[in-house]
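All remarks here apply to the structure that follows.
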Amino acid sequence: MDSDGTQDARGTHASPVPRPAGPPQVPAMPPRPPRAPGMPPPDGSAFLTWLRAPRPEAAPGVWRFGHRPRPAEEPEEIPTRQLLSGALIAFLVGWLIWSLLQNGYLGNWWWVPFDLIVPDAWRGGDSDLGETGTFIVYRGYELLVALGIMVGAARLGRWGEVWRRFVTPRFRRPEALETRTTPEDDPAQWNELRAAGAADAAERLAAEARSGLMRDVDHARILRAWQGVRTGRHSLATFSGAVLKDGAAACLHPSGERDLPARLARHDLVTGQVRLGTTVDDARNPYAYRGTGLALGPDLLGTSLVAVGPAGSGKTGTVVRPLAESLCLHALAGRAAVVVVGAAGAGLGPADAYDVVVRIGNQDSEYDLDLYGGSTDPDEAAAVLAEALVGDLADPHPGSDSRRSTTVLAQLLGPFRAVHGRFPSVPELRQLLDGAPGPFAELRQGLHEAGQESLLRELDARERQMGQPGDVAGVLGDRVALLDRPAFAGFFDTSGQSRPFTLKALDHPVRVRIDLPQRGHADASKMLARLVLAQFTASVAVREDRSLFACLLLDDATGVVTPEAVRGIQRLRSGNAGVVLTLRTLDDVARPLRGPLLGATGCRMALAGLTPWDGQDFAEVWGKEWTEARDVTDRQIIAETPAGKAVHMLRRVITGKAPTARAVTVRQVERERWSASELAHGVPAGHAVLSLTDVKGEHAPPLLVDLRS
Numbered sequence: 004m005d006s007d008g009t010q011d012a013r014g015t016h017a018s019p020v021p022r023p024a025g026p027p028q029v030p031a032m033p034p035r036p037p038r039a040p041g042m043p044p045p046d047g048s049a050f051l052t053w054l055r056a057p058r059p060e061a062a063p064g065v066w067r068f069g070h071r072p073r074p075a076e077e078p079e080e081i082p083t084r085q086l087l088s089g090a091l092i093a094f095l096v097g098w099l100i101w102s103l104l105q106n107g108y109l110g111n112w113w114w115v116p117f118d119l120i121v122p123d124a125w126r127g128g129d130s131d132l133g134e135t136g137t138f139i140v141y142r143g144y145e146l147l148v149a150l151g152i153m154v155g156a157a158r159l160g161r162w163g164e165v166w167r168r169f170v171t172p173r174f175r176r177p178e179a180l181e182t183r184t185t186p187e188d189d190p191a192q193w194n195e196l197r198a199a200g201a202a203d204a205a206e207r208l209a210a211e212a213r214s215g216l217m218r219d220v221d222h223a224r225i226l227r228a229w230q231g232v233r234t235g236r237h238s239l240a241t242f243s244g245a246v247l248k249d250g251a252a253a254c255l256h257p258s259g260e261r262d263l264p265a266r267l268a269r270h271d272l273v274t275g276q277v278r279l280g281t282t283v284d285d286a287r288n289p290y291a292y293r294g295t296g297l298a299l300g301p302d303l304l305g306t307s308l309v310a311v312g313p314a315g316s317g318k319t320g321t322v323v324r325p326l327a328e329s330l331c332l333h334a335l336a337g338r339a340a341v342v343v344v345g346a347a348g349a350g351l352g353p354a355d356a357y358d359v360v361v362r363i364g365n366q367d368s369e370y371d372l373d374l375y376g377g378s379t380d381p382d383e384a385a386a387v388l389a390e391a392l393v394g395d396l397a398d399p400h401p402g403s404d405s406r407r408s409t410t411v412l413a414q415l416l417g418p419f420r421a422v423h424g425r426f427p428s429v430p431e432l433r434q435l436l437d438g439a440p441g442p443f444a445e446l447r448q449g450l451h452e453a454g455q456e457s458l459l460r461e462l463d464a465r466e467r468q469m470g471q472p473g474d475v476a477g478v479l480g481d482r483v484a485l486l487d488r489p490a491f492a493g494f495f496d497t498s499g500q501s502r503p504f505t506l507k508a509l510d511h512p513v514r515v516r517i518d519l520p521q522r523g524h525a526d527a528s529k530m531l532a533r534l535v536l537a538q539f540t541a542s543v544a545v546r547e548d549r550s551l552f553a554c555l556l557l558d559d560a561t562g563v564v565t566p567e568a569v570r571g572i573q574r575l576r577s578g579n580a581g582v583v584l585t586l587r588t589l590d591d592v593a594r595p596l597r598g599p600l601l602g603a604t605g606c607r608m609a610l611a612g613l614t615p616w617d618g619q620d621f622a623e624v625w626g627k628e629w630t631e632a633r634d635v636t637d638r639q640i641i642a643e644t645p646a647g648k649a650v651h652m653l654r655r656v657i658t659g660k661a662p663t664a665r666a667v668t669v670r671q672v673e674r675e676r677w678s679a680s681e682l683a684h685g686v687p688a689g690h691a692v693l694s695l696t697d698v699k700g701e702h703a704p705p706l707l708v709d710l711r712s
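For the sequence shown, our numbering begins at 4 and goes up steadily by one.
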């Protein structure tokens with residue numbers, strides 16, 4: 004089978020897997036979908052406001068849309084009780100001083116500046132100014148003195164901070180996003196196109212934006228096409244012609260879609276981020292992150308993500324579903340290819356949001372899954388298939404592999420393909436692994452006729468090893484038998500009678516969902532999940548166009564993490580690709596592989612409800628930090644004089660406690676960022692602790708995040 008994932012294997016005219024977006028040949032713009040959360044409203048001015056909103060550079064994981072940077076260190080803040088009492092005492096002191104001055108208890112020295120500055124002709128009732136003028140002069144001086152006392156009291160009592168903290172927020176109106184831009188920096192003017200000589204195309208796009216015909220996906224898609232012009236993949240004339248013809252609908256995704264049927268999360272396609280929640284205003288979070296939105300994008304997913312939490316903790320609904328939605332939008336913009344794998348009915352988005360939906364075990368499925376990943380090389384196909392079949396049985400210690408299983412499969416796949424021009428179907432492969440005499444004799448005869456002496460030696464070696472101690476063919480046959488069931492009778496066909504999807508199609512901006520038959524076929528589902536992961540890591544490593552971000556979202560990776568899978572995940576970053584894995588517990592991963600898995604992924608998430616032993620693994624990988632520890636000691640004060648003893652006795656009667664003196668010792672200690680106990684018992688429901696690393700190597704420490712906001 005030589006399907007490359009973009010053709011209809013049966014020769015029918017059903018919708019093929021999408022090819023890369025290029026100059027459109029779609030006659031009309033599709034109807035505008037209903038407005039959803041996070042999508043710019045259809046009003047042109049509202050779209051321009053969204054487009055011009057500030058998106059300052061920020062630390063990894065910060066939701067940049069409308070972000071207001073905060074200081075790296077928390078400023079010293081006076082406690083509310085101390086601040087208010089200090090302000091009141093300062094006011095009373097100022098009032099007392101003014102009252103004493105007014106009543107002459109402090110003398111008349113404060114009139115000396117008045118006597119030195121004011122002319123004699125301005126004093127007295129018969130002065131040149133008259134009685135009214137004299138009154139104003141005297142009262143004006145008193146007002147200046149009162150203002151001076153008030154200023155001193157305000158500075159002493161920190162009235163300005165009281166005003167900013169308690170008064171200003173009550174009268175502050177919700178602030179609109181700042182959109183002040185100069186014509187040179189206005190993204191709605193498409194100045195880069197004008198500078199390159201495509202002024203007509205820029206003017207058409209600007210008019211579409213002003214009239215409300217442009218959406219966020221349109222903007223991102225056209226920017227992606229323009230990048231193709233700058234890199235030389237497309238010509239400027241072709242790009243300009245498409246824009247002048249179709250405006251905001253230019254360079255459409257091959258599916259013809261300009262948006263998803265619905266959105267549940269908040270997206271910003273200018274930065275490529277999807278918002279997952281809000282970083283909690285907690286002392287354990289760095290001050291710069293507190294209260295900010297928490298968002299992920301390809302720059303973070305490129306280092307891969309593993310999320311661990313029990314059932315019901317929100318892995319699918321608050322993590323996988325928003326990420327799948329975001330990557331599907333990126334695919335429509337021509338930026339990404341996404342494969343989402345999960346149980347049937349897991350809530351990974353509607354079928355209309357995907358180009359290809361593979362429902363394994365469902366006879367109504369329009370697409371099939373290529374068991375060999377679209378490969379034509381028997382050795383490559385054998386390596387991927389061996390990982391899927393028995394990768395979980397390999398020794399999980401570093402340096403181990405499944406080489407024997409790969410060799411056994413290669414000894415069968417090579418001869419079969421040489422004779423039949425295709426790889427064996429599941430029943431045929433099972434017969435070969437079981438050593439059935441008929442298929443072997445047929446292969447031998449075909450190889451003799453074709454003069455394939457080297458492949459005959461491979462087949463002879465396989466026959467000699469059959470039944471010998473240590474032969475893994477029996478284990479491989481048992482695993483293949485899990486797929487040789489009536490429920491899968493119409494799947495994994497290699498004769499060209501089905502529409503197989505292969506992960507070789509990740510060279511294109513394709514959206515794929517694969518539904519696994521976990522109900523009733525749990526072992527087969529784990530094996531198929533390993534197959535998809537193995538094919539994904541093998542395919543993205545040989546892509547020609549690595550500017551397209553490729554991502555695999557695997558909901559419930561139980562039994563999927565193997566030594567080869569960990570090595571494959573480590574190689575994804577250099578190929579502009581990443582994976583998202585979710586686990587109910589780290590116990591679903593072999594003990595020797597837990598550390599390597601957490602080390603291979605740059606983003607790690609521990610959701611609420613984690614067990615203490617799982618928390619210990621996260622605590623170890625997150626390490627320790629230096630922190631300030633305070634030791635407080637209360638020492639009883641012993642009075643030496645009778646008066647002191649009387650005062651102490653009176654204080655004890657009033658307060659019920661003996662007079663004490665407090666001693667504070669401050670020292671630097673090294674402590675875990677998050678201990679196993681805190682992760683198990685200190686993370687509220689609907690929250691998670693998440694550490695991040697982007698593809699440039701910048702990282703964020705573990706952050707407590709509210710996934711519901």
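Positions of the beta carbon are idealized from the N, C-alpha and C atoms, including for glycine.
Fair warning: this is a prediction, and the values are worked out from it, not measured in the lab.
For Cys1, the first and last residue of its enclosing beta strand (DSSP E): Lying outside 4 to 712, the shown extent of the chain, residue 1 is not represented and no answer is given.
C-beta atoms of Leu388 and Leu412 nearer than 8 Å: yes
Alpha-carbon to alpha-carbon, Phe117 and Pro74: In a straight line, the C-alpha of Pro74 is about 47 Å away from that of Phe117.
Beta-carbon spacing of Glu631, Val667 below 8 Å: no
Val686 and Pro705 closer than 8 Å at C-beta: no
Start-to-end residues for the beta strand (DSSP E) that takes in Asp559: Per DSSP, Asp559 belongs to no beta strand (DSSP E) and is neither H nor E.
Under 8 Å between C-beta atoms of Ala268 and Ser329: yes
Val635 - partner residues in DSSP beta bridges: Val667
Inter-stretch contact at 8 Å, needing at least 3 Cβ pairs: the stretch 512-521 / the stretch 361-369: Contact annotation: the stretch 512-521 touches the stretch 361-369, with at least three C-beta pairs closer than 8 Å.
Helix, strand or coil at Arg269 [DSSP, three-state]: Three-state result, Arg269: strand.
CA-to-CA distance, Val582 to His237, given in whole angstroms: Distance from the CA of His237 to the CA of Val582, rounded to the nearest whole angstrom, comes to 30 Å.
Neighbourhood of Asp474 by C-beta distance below 8 Å, restricted to the same chain and skipping five residues each side: Apart from the 5 residues on each side of it in sequence, Asp474 sits with its Cβ closer than 8 Å to the Cβ of Val411, Gln468 in its chain, given in chain order.
Beta-carbon gap between Pro512 and Gly337 smaller than 8 Å: yes
6 Å CB neighbourhood of Val322 in its chain, flanking five on each side removed: Ala310
Start-end ranges of the beta strand (DSSP E) lying completely within the stretch 274-338, minimum 3 residues: If one requires a minimum length of 3 residues, the beta strand (DSSP E) runs lying completely within the stretch 274-338 are 276-282, 296-299, 308-311, in chain order.
C-alpha gap between Asp558 and Gly317, whole angstroms: 11 Å
Residues that DSSP places opposite Asp518 in a beta bridge: Asp518 is bridged by DSSP to Gly345, Arg362.
Leu695 in three-state terms, based on DSSP: strand
Alpha-carbon spacing of Val3 relative to Ala553, whole angstroms: No answer is possible for residue 3: the residues shown for the chain start at 4 and end at 712.
Cβ of Ala75 within 8 Å of any chain D Cβ: Here chain D cannot be found, since the structure has a single protein chain.
Reduced DSSP category for Asp526 - H, G, I as helix; E, B as strand; rest coil: helix
Paired residues, beta bridge with Leu584 - DSSP: Val309, Leu557
Cβ-Cβ distance between Arg55 and Thr184 below 8 Å: yes
Pro30, buried or exposed, once every other Cβ within 10 Å from all chains shown has been counted against 16: Only weak support is given to the placement of Pro30: the predicted model assigns it a pLDDT of 30, under 50, and the question is left unresolved by the model.
8 Å Cβ cutoff met for Leu479 and Ser408: Yes, they are a contact pair.
Cα-Cα separation, Thr281 to Pro72: Looking at the two C-alpha atoms, the distance is approximately 15 Å.
Candidates Asp285, Ile100, Gly136: closest to Trp677 by CA position: Asp285
Coil, strand or helix - Phe621 by DSSP: helix
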